[in-house]
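Written below as structure tokens is the structure these notes are about.
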Amino acid sequence: MINMPIWQRSLDPLFGPPKAGHYRAQPEDFWVDEQLDFTPEAHGEHLWLRVEKRNQSTLEVAKLLSRLCDVTPRDIGYSGMKDRIAVTRQWLSVHLPGRDAPLDLEQSLNAQGITVVEQARHPRKLKRGVHRTNRFVLRLSGEAIASDDFISRWEALCQSGVPNYFGPQRFGHEGHNLQRAEALLNRGWRKRDDRQGMMLSTARSFLFNELLSTRIADGTWTQPLAGDTLMLDGTQSVFHIDATDATLQARAMALDVHPTGVLWGVGEPGQGDAASYEAYLQQQYPGLCSGLERSGVKQARRALRMRLLEPQLDWEAGAVRLSFALSRGSFATAVLGELIEISG
Numbered sequence: 001m002i003n004m005p006i007w008q009r010s011l012d013p014l015f016g017p018p019k020a021g022h023y024r025a026q027p028e029d030f031w032v033d034e035q036l037d038f039t040p041e042a043h044g045e046h047l048w049l050r051v052e053k054r055n056q057s058t059l060e061v062a063k064l065l066s067r068l069c070d071v072t073p074r075d076i077g078y079s080g081m082k083d084r085i086a087v088t089r090q091w092l093s094v095h096l097p098g099r100d101a102p103l104d105l106e107q108s109l110n111a112q113g114i115t116v117v118e119q120a121r122h123p124r125k126l127k128r129g130v131h132r133t134n135r136f137v138l139r140l141s142g143e144a145i146a147s148d149d150f151i152s153r154w155e156a157l158c159q160s161g162v163p164n165y166f167g168p169q170r171f172g173h174e175g176h177n178l179q180r181a182e183a184l185l186n187r188g189w190r191k192r193d194d195r196q197g198m199m200l201s202t203a204r205s206f207l208f209n210e211l212l213s214t215r216i217a218d219g220t221w222t223q224p225l226a227g228d229t230l231m232l233d234g235t236q237s238v239f240h241i242d243a244t245d246a247t248l249q250a251r252a253m254a255l256d257v258h259p260t261g262v263l264w265g266v267g268e269p270g271q272g273d274a275a276s277y278e279a280y281l282q283q284q285y286p287g288l289c290s291g292l293e294r295s296g297v298k299q300a301r302r303a304l305r306m307r308l309l310e311p312q313l314d315w316e317a318g319a320v321r322l323s324f325a326l327s328r329g330s331f332a333t334a335v336l337g338e339l340i341e342i343s344g
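Under UniProt numbering, the letters of the sequence shown match residues 1 to 344, in that order.
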């Protein structure tokens, strides 16, 4: 059975481990706003709702919308899963061909603590992963924010980027999702046992984090290696390099390109110096790697580093408020993990 490790932090060599801190003492301390890069077209069979929720998961809101609108769960669309213990804004869609939403829909949602911020019609269902960024406003407190190096840590992340770890929520309480994924892959993955593919995602996320942690330990997570696949900042566009040079190194230093790590699956093996990190994963976790390949999931790439977009820090009484945006799929908890030793 695989136990959850403690992954490397990028700032420890410079500052040592961070001191203890607190976040999410109340939902209002963790605020998230999902950002699209387009607007609904104001016509069509799907009603799009931008809602604000507190202490509720995306799936809970989707189930409620399904019931209130008398549609099946597959008629509800959403782009991303948002934190439960938080105040979050996000879009959801409801397929309502040829009919209006219930007249009391907003009132019924409001009675459940959900506010409709705006709504519009659109020809298509909201698909997973179509939002551009998530905007975060986080309130931190505790010993860490009073530390002499707190501002230096924050400035280092703004300048050099943040390890693009999958957050602990991906692995479940005490890593239980990882253990479930390991057991499922060992006996042979089947769609009926993992309808949403969550166990596949958990296993791939764990392997990615392991690779990233190893490259942080080696000091290679921000700079291209021979054989790396690089990703253009702010996009999913990738290109392979056989060798590195001064130009690529400069582009990486400027956060224009990022080395990537494998999201394990069926595909070509790595090459050059970068291949040794994938070989390490295969050697250490043969069951996960072979199980993912047998499942048929396709290999993909994820940037090892994320850029903080429009970062801002403001002091409050006994606390600090951080504001920044991240590209979709990146976790604010990875930012927090570099700044505080999370104690609650």
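The beta-carbon is built from N, C-alpha and C at its ideal position, and this holds for glycine as well.
No experiment lies behind these values; they were computed from the predicted model shown.
{"Item": "Coarse secondary structure for P311, derived from DSSP in three states", "Value": "strand"}
{"Item": "Distance between A120 and A246 (C-alpha atoms, nearest Å)", "Value": "49 Å"}
{"Item": "Beta-carbon separation (whole angstroms), S93 vs H122, contact threshold 8 Å", "Value": "7 Å"}
{"Item": "Three-way DSSP call (helix, strand, coil) for A246 in this model", "Value": "helix"}
{"Item": "For P17, the residue or residues it bridges with in DSSP", "Value": "Its beta-bridge partners do not exist; DSSP assigns none."}
{"Item": "Of the residues R9, S327, Y23, the one placed nearest E143, counting alpha carbons only", "Value": "Y23"}
{"Item": "Other residues of its chain near M81: CB distance less than 8 Å, five sequence neighbours each side excluded", "Value": "S57, T58, L59"}
{"Item": "Entirely enclosed alpha helix (DSSP H) segments - the UniProt domain \"TRUD\" (161-311), minimum 4 residues", "Value": "176-187, 198-218, 246-253, 275-284, 286-295"}
{"Item": "Residue range of the unbroken beta strand (DSSP E) whose run includes residue 374", "Value": "Absent from the structure is residue 374, since the part of the chain shown begins at 1 and ends at 344."}
{"Item": "Cβ contact check for the segment 248-262 and the segment 137-157: 3 or more pairs under 8 Å", "Value": "no"}
{"Item": "Per DSSP, the bridge partner or partners of K53", "Value": "T88"}
{"Item": "Reduced DSSP secondary structure (H/G/I, E/B, other) of T333", "Value": "helix"}
{"Item": "Given R204 as reference, the closest of F15, N134, K298 once Cα atoms are compared", "Value": "K298"}
{"Item": "Cβ-based neighbour list, G21, same chain, cut-off 6 Å, excluding 5 preceding and 5 following", "Value": "L140, G142, A144, I340"}
{"Item": "Counted within 10 angstroms of its Cβ, other Cβ atoms place R67 as buried (16 or more) or exposed", "Value": "exposed"}
{"Item": "Nearest-angstrom Cα separation, counted from Q249 out to D12", "Value": "23 Å"}
{"Item": "From D273, E210, F324, I216, residue whose alpha carbon lies closest to that of Q284", "Value": "E210"}
{"Item": "Cβ pair E293, R9 closer than 9 Å", "Value": "no"}
{"Item": "Counted within 10 angstroms of its Cβ, other Cβ atoms place W315 as buried (16 or more) or exposed", "Value": "exposed"}
{"Item": "Segment contact, 8 Å Cβ cut-off, at least three pairs: the segment 303-320 with the segment 102-116", "Value": "no"}
{"Item": "Completely contained alpha helix (DSSP H) runs for the segment 26-82, where each covers 4 or more residues", "Value": "58-69"}
{"Item": "Nearest to L36 (by Cα), restricted to the options F331, A334, L326", "Value": "L326"}
{"Item": "Beta carbon of V71 nearer than 9 Å to that of H43", "Value": "no"}
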